[in-house]
Amino acid sequence: MLNIIILSIIIYLLIIFHLMFWNRELRWDWKKINMSNMKFPPSFYWGTATASHQVEGNCNNNNWYNWESSKDENGSPRIKDNQVAGIACDHWNRHKEDVLLIKDLGISHYRLSLEWSKIEPQKNEYNQSAIEHYIEVVECLVNENITPVITLHHFTNPIWFEEIGGFEKEENIEHFLFFCKKVFPLFSDKVKMWCTINEPEVYSVMGYFAGIFPPGKKSPQLAVEVQKNLLVAHTKVYQELKSLPDGPSCQIGLVKNIMQFDPYRRWHLLDWLVCHVTNKVYNGIALTYLKKGKININYPFFAKLKYSSSNAALATDFFGLNYYSHNHLKFKFDSYEFFENKYPKNDIITDMPYTIYAEGFYRAIKQASKIGKPIIITENGIADAVDDRRFLYIQRYIYAMNKAIKEGVDVQGYFYWSLMDNFEWAEGYDMKFGLYEVNFKTQERTLRNGSKAFIDIVNGSK
Ligand code: BGC
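Residue numbers (the numbering used here): 101 to 562.
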């Protein structure tokens with residue numbers, strides 16, 4: 101008996117020493133790093149991004165509209181302090197001025213999303229004036245020499261689609277596909293870069309595991325199934341759009357958020373284990389799907405899913421990488437949320453709250469590069485209301501990206517999130533991600549001081 105106990109302790113220690121010393125958490129000595137004079141390839145481009153529901157205003161016909169005024173099972177509001185998106189930044193009416201603000205930054209690209217619920221308010225009924233609005237926005241951008249990038253799905257569904265089960269049902273993908281095929285030819289002469297779906301893992305984890313996004317369900321099994329359906333939707337949209345007349349001349353890709361998970365206690369095997377599971381569900385599903393067309397999740401009592409498709413592998417022209425956060429996970433005894441997020445004491449925390457860890461961005465770029473497709477940083481940014489960390493954040497994250505580029509990774513462009521403060525989903529208007537601060541009473545936009553780090557880098561790279 102004693103022998104077995106001693107042997108178990110030795111095996112545990114060997115595994116832990118191996119994990120601790122051969123899998124160190126990457127940390128750079130920032131005091132020794134020179135972040136000036138970063139060089140970028142001549143074709144590298146800079147942009148900024150928004151999403152319809154977060155900025156446009158009057159998105160009154162989607163699942164978020166209903167969600168924002170509903171209550172959870174305890175009668176508490178879904179959105180912090182009962183906030184609703186409402187008229188948001190009134191970008192719908194102020195897009196002309198906003199395009200000039202984009203121009204003032206010295207950047208060349210703008211990523212926006214089409215609000216499906218405005219364009220197809222009822223199943224198979226299309227709203228011509230909404231379509232014309234987006235055509236006008238695109239023309240306005242092109243006239244100002246800003247390259248438009250369109251996202252087809254950024255978290256919101258029309259109410260009619262949500263009511264028939266949204267992406268919970270694989271057969272519903274057809275409705276989204278139909279919408280995409282309808283709108284693509286209306287823009288594809290001018291819009292040459294398309295994002296199919298924004299962050300399948302965030303949509304599914306937040307809406308079906310954490311229950312913080314609509315429809316507020318809490319089922320790990322459903323969460324992985326929804327994630328799979330969104331990935332399948334991406335493949336179908338990609339293939340259909342590629343077969344349309346402008347398809348071959350357009351770049352069409354999936355946008356995926358990569359989060360870093362590290363054990364809070366590096367000596368604790370259970371912390372390593374929760375990192376393994378969360379990493380596999382959050383990052384692994386989409387990465388193996390894009391690389392091999394396969395998903396294999398098998399965690400008894402949690403979630404199981406096996407999927408394979410011969411045409412899904414590499415069905416994307418680029419990998420749209422969104423990067424925000426680094427999580428230190430600590431195992432906890434709970435049959436549902438079996439971990440908690442902890443913050444190492446020396447890390448700088450942003451408002452969201454995520455830590456500033458640019459090394460994680462570098463790691464994410466390296467992970468994304470394994471797919472073998474060009475990478476576009478479709479989102480990266482900081483929530484910083486007092487604007488005392490934005491400058492440092494921008495410098496460090498762009499340094500990390502630059503390092504990956506110098507080491508040979510094909511990163512083609514970078515979009516800062518976000519152009520201006522906006523409706524940050526469950527957090528309402530409290531999270532200030534904007535390069536421009538928005539006064540929501542007057543709709544006045546003011547460039548933040550910290551944003552100058554971005555402008556300097558953009559200008560310096562020309
Ligand atoms: C989403 C954005 C969001 C941002 C900041 C991303 O996951 O695509 O819509 O505002 O994160 O939280």
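Glycine residues also receive a C-beta, built at the ideal position from the N, C-alpha and C atoms.
In the three-state DSSP reduction, Pro474 falls in the coil class, being neither helix nor strand.
Beyond the five residues adjoining it in sequence on each side, Gln222 comes within less than 7 Å, by CB distance, of Trp260 in the same chain, given in chain order. The shortest C-alpha to C-alpha distance from Glu220 to any of Lys394, Cys159 and Glu239 is the one to Cys159.
Between the stretch 391-400 and the stretch 274-285, the count of C-beta pairs closer than 8 Å stays below three; the two stretches do not touch. Under the Cβ criterion (8 Å, minimum of three pairs), the stretch 165-180 does not count as touching the stretch 224-233. Considering only Cys350, Arg194, His153 and Ala415, the residue with the shortest C-alpha distance to His253 is His153. Pairwise C-beta distances place the stretch 339-354 out of contact with the stretch 436-452, as fewer than three of them are shorter than 8 Å. Its Cα nearest to that of Leu387, the residue Glu299 stands out among Arg124, Glu299 and Asn182. Per DSSP, Val184 lies in no alpha helix (DSSP H) and is assigned neither H nor E. Secondary-structure assignment with DSSP links Arg211 through a beta bridge to Ala149 and Val249. The alpha-carbon separation between Ser469 and Phe117 amounts to approximately 29 Å. Of the residues Ile235, Leu390 and Gly550, the one whose Cα lies closest to the Cα of Arg490 is Gly550.
In this structure, Phe515 lies near Thr478, with their beta-carbon atoms less than 8 Å apart. By the C-beta density criterion, Ser408 is exposed, having fewer than 16 other C-beta atoms within 10 angstroms. Taking non-hydrogen atoms of ligand 1 into account, the C-beta of Tyr457 is found less than 7 Å away from none of them. Sequence-distant Cβ neighbours of Glu527 in its own chain, meaning closer than 6 Å and more than five residues away, are Lys180. Distance between Ala185 and Asn166, taken at the CA atoms: about 11 Å. With a cut-off of 8 Å on Cβ pairs, the stretch 481-500 is in contact with the stretch 529-545, counting three or more such pairs. When the Cα atoms are used, Asn329 and Trp192 turn out to be separated by approximately 30 Å. Among the bridge pairs identified by DSSP, His426 is matched with Gln360. Ile358 is positioned such that its CB atom lies closer than 8 Å to that of Ala464. Phe533 has its CB nearer than 7 Å to a heavy atom of ligand 1. In the structure shown, Arg366 adopts coil according to DSSP, grouped into three states. Here DSSP, grouped into helix, strand and coil, assigns Gln327 to helix. For Gln327, the Cβ stays outside the 7 Å cut-off from all heavy atoms of ligand 1.
Apart from sequence neighbours up to five positions away, the residues of its chain that approach Phe267 with a beta-carbon distance below 6 Å are Val326, Asn329 and Leu330, ordered along the chain. Contact between the stretch 288-305 and the stretch 241-252 is present, with at least three C-beta pairs closer than 8 Å. In terms of Cα proximity to Glu270, the closest of Ala333, Ile476 and Gln360 is Ala333.
By the Cβ-count criterion, Arg211 is buried, with 16 or more other Cβ atoms from all chains shown falling within 10 Å of its own Cβ.
If the five residues before and after Asn441 are omitted, its C-beta is found closer than 6 Å to the C-beta atoms of Asn427, all from its own chain and listed in chain order. Taken from the Cβ of Gln154, at least one heavy atom of ligand 1 lies inside 7 Å. Secondary structure note for Glu197: its alpha helix (DSSP H) is the uninterrupted segment His191 to Asp204. According to the DSSP assignment, Tyr226 belongs to no alpha helix (DSSP H), since it is labelled neither H nor E. In this structure, the beta-carbon distance from Val374 to Phe438 falls below 8 Å.
Secondary structure at Cys295: strand, using DSSP grouped into helix, strand and coil.
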